[in-house]
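S.K.:
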Amino acid sequence: MSVLGEKRRRIQAVRLRALQFTQSSSGRSYQLHPMEDLNNQSWQREDERGAFFVSTKPNLLDHDFINTAFEDPDMFWATRLPPDQLAKALSQSVTVGLFEVKPAAPPCSTTDEPSSPREGSPTTELPPREALQQIGLARLVTDHVTFAYLSDVYVTPTKRGLGLFPWLIECVKELLRAHPALRRAALLTGSESLSKFYARALGVWDMAEEPRVTIMCRKAFNADGA
Numbered sequence: 122m123s124v125l126g127e128k129r130r131r132i133q134a135v136r137l138r139a140l141q142f143t144q145s146s147s148g149r150s151y152q153l154h155p156m157e158d159l160n161n162q163s164w165q166r167e168d169e170r171g172a173f174f175v176s177t178k179p180n181l182l183d184h185d186f187i188n189t190a191f192e193d194p195d196m197f198w199a200t201r202l203p204p205d206q207l208a209k210a211l212s213q214s215v216t217v218g219l220f221e222v223k224p225a226a227p228p229c230s231t232t233d234e235p236s237s238p239r240e241g242s243p244t245t246e247l248p249p250r251e252a253l254q255q256i257g258l259a260r261l262v263t264d265h266v267t268f269a270y271l272s273d274v275y276v277t278p279t280k281r282g283l284g285l286f287p288w289l290i291e292c293v294k295e296l297l298r299a300h301p302a303l304r305r306a307a308l309l310t311g312s313e314s315l316s317k318f319y320a321r322a323l324g325v326w327d328m329a330e331e332p333r334v335t336i337m338c339r340k341a342f343n344a345d346g347a
């Protein structure tokens with residue numbers, strides 16, 4: 122395989138239509154609350170492993186956590202940013218924060234309903250800020266209408282294996298669906314396993330498989346502008 126072919130193999134992209142309804146992992150359909158403002162969306166889930174909250178509200182983001190995540194070797198493409206640059210980057214994108222709600226409320230059950238996890242669902246209820254501890258994020262660089270680029274997807278190591286990563290991506294999918302005239306959404310990954318996961322979760326495909334399409338990119342400019 123050529124170098125160009127290998128680069129193309131690592132590029133994933135997705136073209137999604139804006140849909141009105143979504144379907145949870147249990148097969149239950151539900152309608153999202155209005156999504157005119159992508160920076161004002163929230164979801165919550167609760168089970169025996171704890172209570173968790175996903176939100177795009179900028180004022181809930183823990184900038185220190187995000188910069189620490191950028192230093193994690195798992196986010197090898199990122200580096201810690203000066204506070205002003207980080208604030209600007211977050212303000213110019215839809216940043217999806219993943220939070221643990223502390224203390225976690227015990228699961229609810231009744232004699233009429235067997236104990237089972239509460240499915241992740243949209244919510245307008247916001248836990249108190251002091252009860253939230255950020256444990257992950259995903260970032261959509263988007264114009265809110267026609268294009269979105271998914272980057273900086275991360276869950277802190279101590280909270281992996283709880284099904285939070287797939288749920289986070291499910292929430293991202295709802296945000297993509299809410300773009301009123303989405304032409305194409307894109308992401309990059311160098312992991313074969315993640316490529317397969319994103320293909321299942323978001324319906325993405327390798328752009329190398331699409332005839333007459335080339336993805337071109339470059340990294341940072343040198344000090345002399347070259």
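This note's numbering puts the first residue of the sequence shown at 122, with every later residue one more than the last. Glycine included, each C-beta is placed from N, C-alpha and C at the ideal position. Being a predicted model, the structure only gives us computed values, none of them experimental.
Taking just the CA atoms, how far does Ala307 sit from Glu331?
M.R.: 14 angstroms
S.K.: Mind checking Val293: buried by the 16 CB within 10 Å criterion, or exposed?
M.R.: buried
S.K.: What three-state label does DSSP hand Ser316 in the structure shown?
M.R.: helix
S.K.: On a CA-only basis, which of Asp345, Arg339, Ala269 is nearest Leu323? Give me that one, please.
M.R.: Ala269
S.K.: Quick one: Cα of Pro179 to Cα of Thr216, how far?
M.R.: 7 angstroms
S.K.: Under a Cβ-count criterion, where at least 16 other Cβ atoms within 10 Å of its own Cβ denotes burial, should His184 be classed as buried or exposed?
M.R.: exposed
S.K.: Please determine, among Val334, Leu296, Arg333, Leu309, the residue with the shortest C-alpha to C-alpha distance to Glu157.
M.R.: Leu296
S.K.: Any contact of the segment 315-329 with the segment 206-224, i.e. 3+ C-beta pairs under 8 angstroms?
M.R.: no
S.K.: On a CA-only basis, which of Cys338, Leu159, Arg304, Glu169 is nearest Leu283? Give me that one, please.
M.R.: Glu169
S.K.: Suppose you measure from the CA of Phe342 to the CA of Gln165; what does that come to, to the nearest Å?
M.R.: When rounded, the separation of the alpha-carbon atoms in Phe342 and Gln165 is 41 angstroms.
S.K.: Rounded to the nearest angstrom, what separates Ala199 and Glu167 at their Cα positions?
M.R.: 31 angstroms
S.K.: Run through DSSP, which three-state label would Phe220 get?
M.R.: strand
S.K.: Nearest CA to the CA of Phe220: which residue from Arg304, Tyr319, Arg339, Tyr275?
M.R.: Tyr275
S.K.: What span of residues does the alpha helix (DSSP H) with Ala210 cover, start to end?
M.R.: 204-212 is the span of the alpha helix (DSSP H), which, as asked, contains Ala210.
S.K.: By a C-beta neighbour count over all protein chains shown, 10 Å radius and 16 as the cutoff for buried, is Ser163 buried or exposed?
M.R.: buried
S.K.: Report, in whole angstroms, the separation of the C-beta atoms of Gly218 and Gln254, which I expect to be a contact under 8 angstroms.
M.R.: With a Cβ gap of about 11 angstroms, Gly218 and Gln254 do not count as contacting.
S.K.: In terms of DSSP beta bridges, what is Gln254 paired with?
M.R.: Glu221
S.K.: By the 10 Å Cβ neighbour count, where 16 or more other Cβ atoms means buried, how is Asp205 classified, buried or exposed?
M.R.: By the 10 Å Cβ count, Asp205 comes out exposed.
S.K.: With burial defined as no fewer than 16 other Cβ atoms inside 10 Å of the residue's Cβ, what is the status of Ser176: buried or exposed?
M.R.: Ser176 should be labelled buried.
S.K.: Kindly give me the distance between the Cβ atoms of Ala259 and Leu271, rounded to whole angstroms, as I take these residues to be in contact under 8 angstroms.
M.R.: 7 angstroms
S.K.: Nearest to Asp195 by alpha carbon, out of Leu181, Asp264, Asp273, Lys317?
M.R.: Asp273
S.K.: Per DSSP, which residues does Thr310 bridge with? Please list them.
M.R.: BP columns for Thr310 are empty, so no partner.
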